[in-house]
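A.B. asks:
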Amino acid sequence: MKFAIDAFGGDNAPEAVIRGSIDAMQLNDDFSIIFTGDESAIYALLNNYEYDKSRVEVVHAPDIITCEDQPTLAVRRKKESSIVKALHLVADGKADCFISAGSTGAVLAGATLIVHRIPGVKRPALAPVLPTLKGPMMLIDCGANVDCTPEYLLQFAYMGSAYMSGVLGIERPRVGLINNGTEEGKGNALTKEAYSLLKVAKGINFVGNCEARELMSGDYDVIVCDGFVGNAVLKTLEGAVASIMTMLKTEIKSSKRASVGAMLSKNAFKALKTRMDYTEYGGAPLLGINGGIIKAHGSSDERAVCSAIGQARKLILGNVTNTISGLISREMEPQAGQ
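Taking the working numbering, the leading residue of the sequence shown gets 14, the next gets one more, and so forth.
1. Have a look at Y56, L330, L190 and flag the residue whose alpha-carbon is nearest the alpha-carbon of G240.
2. Please state whether the Cβ-Cβ distance between A119 and V88 is less than 8 Å.
3. Counting C-beta neighbours from all protein chains within 10 Å, is the total for G305 16 or more, i.e. buried, or is it exposed?
4. Got a sec, what are the start and stop residues for the beta strand (DSSP E) H73 sits in?
5. I need the DSSP call for P144, collapsed to helix, strand or coil.
6. Tell me the DSSP secondary structure of D76 in three-state form.
7. Over the uninterrupted beta strand (DSSP E) stretch that includes N222, give me the two end residues.
8. Of all the options C155, L261, P149, which has the alpha carbon lying nearest to the alpha carbon of P137?
9. Short check: CB of E5 to CB of A271, under 8 Å?
10. Taking the alpha-carbon positions, what's the E251 to S313 distance?
11. Count Cβ pairs between the region 269-285 and the region 170-190 that sit closer than 8 Å; are there 3 or more?
12. Using alpha carbons as the reference points, say which of V220, G339, G231, G23 lies closest to K147.
13. So, with DSSP's three-state summary, where would you put A297?
14. Grouping DSSP H, G and I as helix and E and B as strand, with all else coil, what is G350?
15. For L167, which residues in the same chain have their Cβ closer than 7 Å to its Cβ, ignoring the five residues on either side in sequence?
16. For Y171, which residues from the same chain have a beta carbon less than 6 Å from its beta carbon, with the 5 sequence-adjacent residues on both sides left out?
17. Measuring CA to CA, which of F111, Y64, R90 is closest to L100?
18. Does DSSP put I153 in a helix, a strand or coil?
19. State whether the region 80-94 contacts the region 59-69, with contact taken as three or more CB pairs (one from each stretch) at a distance under 8 Å.
20. What number of angstroms, rounded off, separates the C-alpha of A54 from the C-alpha of I236?
21. Whether or not the region 116-133 and the region 43-50 are in contact is what I'm after, with contact meaning three or more pairs of Cβ atoms, one per stretch, closer than 8 Å; do they touch?
22. My guess is that D82 and S116 are in contact by the Cβ rule of under 8 Å, so how many angstroms apart are they, rounded?
23. Quick check: A140 and A297, are their CB atoms within less than 8 Å of each other?
24. Can you list, in chain order, the stretches of the alpha helix (DSSP H) that have 4 or more residues and sit fully within the region 192-280?
25. Output the boundary residues of the alpha helix (DSSP H) element that contains G331.
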């Protein structure tokens, strides 16, 4: 396996990207890395570490796409950027997966324009895996598609199921549809029609509507929604967790009794923090693209980068792209012809 890594993507690049990549190489020896970015800067950082030089290549990319750039325009104009160069490696079959903590918009636009969608896939979807009370859950889509059709949501269900099955080994992943009620007739025109499609879809274990308060229950393996709703849900969860942690710290400091109680519960708090830490989960796969794409969090540190590479490894070993291709061609095309 070969991974093309944007060395200059993210708030902590390139230092965190290089360090996290070296750490990932020490955990598994079945992949190699191609860094894209300023060649001299990358080699200067690599010189600080001991690593198997036969597993690392560098492709010089002097330009950087920033979050201030207009994504599609930047992808077309900044052909020497680290994102564009890395995506071409995947498109040309020289790398199996692309990993970046850089501009989300540029990654989405570039993946679609350069690597292209899997044949039959109408829209790719950004799909982070989140912790719940009973295990991991995928939220798809989280911002790639603000406006969706019922058919898009149906395809998201297929793609999410393929990932959770291939990467996490979940047999017949339970698929839920975010709605404002659990009854079949609830929702707007989009969710009502999507429900009708999901209910009769072959190869999908659809378990019905999911109210937002049940998202973290662990009763669903894949949660389907449009990108507008998904992004709002994701940001709400991030904000809620951060606020709860802040309130908890404030209460702990409010009295000696609370401080003593916190000390006695130190291990439990540490375990909870680890469980909710995004760096443990890597990044969000962009599913529906004809090659592996992992979008890491913009503020990723070396631990998050290391986790994202581990996630890319599982994505390729799980044969997710080919599974999605097979599901879409087998299950969706007959419907299109009816």
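All C-beta atoms, glycine included, are put in the ideal place defined by N, C-alpha and C.
C.D. replies: Reading it off the structure:
1. L190
2. yes
3. buried
4. 69-73
5. strand
6. strand
7. 218-223
8. C155
9. One cannot answer for residue 5 here, as it falls past the ends of the chain, which runs 14 to 351.
10. 15 Å
11. no
12. G231
13. strand
14. With a pLDDT of only 44 at G350, under the threshold of 50, the placement of this residue in the model should not be trusted, and no figure is reported.
15. A207, L210, L211, A214
16. L340
17. F111
18. strand
19. no
20. 41 Å
21. no
22. 7 Å
23. yes
24. 202-213, 240-265, 269-277
25. Careful: G331 lies outside any alpha helix (DSSP H) and carries neither H nor E.
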